[in-house]
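The numbering of the sequence shown is this note's numbering, which starts it at 214 and goes up by one.
All remarks here apply to the structure that follows.
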Amino acid sequence: MTYRINFERYANTFCLPREIADEGIATIDGATLKVALLIFRNAGKNYSISLLSSLLSLPESKIEEAVSYWIERGLLLAESGQQKEQPAAQILPEGKPAAVSPAPLPVSGELSFLLECLENLLGRPVTSVEYKSVVHILEYIRLPADVVIMAAEYSISIQKFSARSLEKLCAAWSDSGITTHERAEQYLSRLKTARQNEEQIKQLFGIQNRSLIDSEKEQIARWFGEFGFQTEIIKLAYERTITAINKLSFPYINKILQSWHEKGYSTLDAVLTNEGIRKQQGSASYDIDELEEYWKNNVPKL
């Protein structure tokens, strides 16, 4: 087996100095490599030892060793900041003077507001780790406080809130352009609709003891979105699937619904008028043999 770069993802890249590989990447320990990757991922930003320790979940002693390693090799600069006890690590671009660190954001009021809202949502004071995450989101990810609150509300609603998960969610929103209150509202509205549709289908199909997998969620989104079908049409496709193969099959149901969509049936009456008459005449509107073949070739055996 051979491997190659997936150029579809190549746009989301950042550069690393050749010295990182030349210094013996196979022998560099994980902590040292993680520090380099994180710092170079956010070129031009400053990191303290404590912030790196929090973001990477590594002891400060390990972070200090890693930072010292890269400083000795000329890839990082140590600059004294306002906090005397800890220097900030800064990238030194090849052939260029050290980048000027960005001015601190005037977020004191915004930070205070965000922390107060977060404490109200959690029903308790924020922890030191959560405090650091909020500061990181405001100063480095740079989402507005109201958008961060919406992200926190969403995380809490799905019972997946943690300092790290909030950072990851806010970073994902920022990368996706969800950077305003309006865009966040639209996104959360789409998520709510998708969850409601998925719950309807789970009840309709009698799925009780498991969660839907990604491919099933994608098909449900397609039935309601691209096809524009109501639940009653999906129910009919489900019933015909059970009659035909005596078990639940999302690909089989999708094949039936795709056939109806391609024929322009948008309502249950349209389906029954056309498909019902043909079934009474002994001819199905879709090829059962073709569906059986699709099932055999596309659905793995359990």
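Heads up, the beta-carbon is just placed ideally off N, CA and C, and yes, glycines get one too.
Please read these numbers as outputs of a predicted model, since none were measured by experiment.
**OP:** State the start and end residues of the unbroken alpha helix (DSSP H) segment that holds residue 439.
**Re:** Per DSSP, residue 439 is not a residue of any alpha helix (DSSP H), being assigned neither H nor E.
Original post:
Does DSSP classify residue 246 as helix, strand or coil?
Top reply: Three-state result, residue 246: helix.
Original post:
How would you label residue 454, buried or exposed, when you count the other beta carbons within 10 angstroms and need 16 or more for buried?
Top reply: Under this definition residue 454 is a buried residue.
Original post:
What's the C-alpha gap between residue 451 and residue 371?
Top reply: Going by C-alpha positions, residue 451 is about 29 Å away from residue 371.
**OP:** Return the chain-ordered list of same chain residues with a C-beta closer than 6 Å to the C-beta of residue 275, the five sequence neighbours on each side being excluded.
**Re:** Only 244 meet the Cβ criterion.
Subject >> Span separating the alpha-carbon of residue 287 from that of residue 263 >> reply: C-alpha separation (whole angstroms): 21 Å.
Subject >> Rounded separation between residue 328 and residue 336 - CA only >> reply: Straight across, the Cα-Cα distance linking residue 328 with residue 336 is about 12 Å.
**OP:** Would you check if the distance between the CB atom of residue 324 and the CB atom of residue 356 is smaller than 8 Å?
**Re:** Against a cut-off of 8 Å, the Cβ pair of residue 356 and residue 324 comes out as no contact.
Subject >> Integer Cβ distance of residue 434 from residue 397, believed to fall under 8 Å >> reply: Not a contact, Cβ separation roughly 20 Å.
Subject >> alpha helix (DSSP H) segment containing residue 410, residue limits >> reply: From DSSP, the alpha helix (DSSP H) with residue 410 extends over 394 to 418.
Original post:
Between residue 517 and the rest of its own chain, which residues show a CB-CB distance below 7 Å, the 5 nearest in sequence each way excluded?
Top reply: With the chain represented from 214 up to 515, any question about residue 517 goes unanswered, as that position is not in the structure.
Original post:
With respect to the alpha helix (DSSP H) encompassing residue 391, which residues constitute its N-terminal and C-terminal limits?
Top reply: Run containing residue 391: none; DSSP gives neither H nor E here.
Subject >> Ranges of the alpha helix (DSSP H) found wholly within the stretch 250 to 279, counting only runs of at least 4 >> reply: Taking only runs of at least 4 residues, the alpha helix (DSSP H) segments lying wholly in the stretch 250 to 279 are 262 to 269.
Original post:
Are there three or more Cβ pairs, one per stretch, closer than 8 Å when the stretch 339 to 353 is compared with the stretch 366 to 382?
Top reply: Enough Cβ pairs lie closer than 8 Å, so yes.
**OP:** List the residues that DSSP assigns as beta-bridge partners of residue 288.
**Re:** Looking at the DSSP assignment, residue 288 forms no beta bridge with any residue, so it has no partner.
Original post:
Hey, is residue 365 close to the ligand NAD, as in C-beta under 7 Å from one of its heavy atoms?
Top reply: Inclusion of the ligand NAD in the displayed structure is not the case, the ligand content being empty and no account of it being possible.
Original post:
Along the chain, where does the alpha helix (DSSP H) that runs through residue 341 open and close?
Top reply: Per DSSP, residue 341 belongs to the alpha helix (DSSP H) from 341 to 349.
**OP:** Would you kindly check if the distance between the Cβ of residue 414 and the Cβ of residue 384 is under 8 Å?
**Re:** No, these two residues do not count as a Cβ contact at 8 Å.
Original post:
Does the distance from the C-beta atom of residue 417 to that of residue 369 stay below 8 Å?
Top reply: No, these two residues do not count as a Cβ contact at 8 Å.
Subject >> Pair within 8 Å by beta-carbon distance, residue 342 and residue 281 >> reply: Contact: no.
Original post:
By DSSP, does residue 433 sit in helix, in strand, or in coil?
Top reply: DSSP places residue 433 in the helix class (H, G or I) of the three-state scheme.
**OP:** With DSSP as the reference, label residue 446 as helix, strand or coil.
**Re:** The three-state secondary structure of residue 446, taken from DSSP, is helix.
Subject >> Cβ-based neighbour list, residue 444, same chain, cut-off 6 Å, excluding 5 preceding and 5 following >> reply: Around residue 444: 413.
Subject >> Cutoff 8 Å; reference residue 386; Cβ partners in own chain excluding five residues on either side >> reply: Apart from sequence neighbours up to five positions away, the residues of its chain that approach residue 386 with a beta-carbon distance below 8 Å are 356, 360, 364, 392, 397 and 400, ordered along the chain.
Subject >> Three-way DSSP call (helix, strand, coil) for residue 330 in this model >> reply: Helix at residue 330.
**OP:** Let me know the secondary structure DSSP gives residue 459 once reduced to three states.
**Re:** When secondary structure is reduced to three states using DSSP, residue 459 falls in the coil class, being assigned neither helix nor strand.
**OP:** Take residue 362 and list the residues in its own chain whose beta-carbon comes closer than 6 Å to its own, dropping the five residues that flank it on each side.
**Re:** Counting only residues of its own chain and dropping the five nearest sequence neighbours on each side, residue 362 has a CB closer than 6 Å to the CB of 330.
**OP:** Leaving aside the five residues before and after residue 233 along the sequence, list all residues of the same chain whose C-beta is less than 7 Å from its C-beta, in chain order.
**Re:** Residues 249 of the same chain have their beta carbon placed closer than 7 Å to that of residue 233, with the five preceding and five following residues left out of the count.
Subject >> Selected residue, minimal CA-CA separation from residue 430, among 339, 438 and 411 >> reply: Cα-wise, what sits closest to residue 430 is 411.
Original post:
Sorted by chain position, which residues of the same chain lie with C-beta nearer than 6 Å to residue 279's C-beta, five sequence neighbours on each side aside?
Top reply: For residue 279, same chain residues with a beta-carbon under 6 Å away, outside a window of 5 residues either side, are 244, 245 and 248 in chain order.
Original post:
Taking the C-alpha atoms as reference points, what is the distance between residue 488 and residue 424?
Top reply: Computed Cα separation, rounded: 32 Å.
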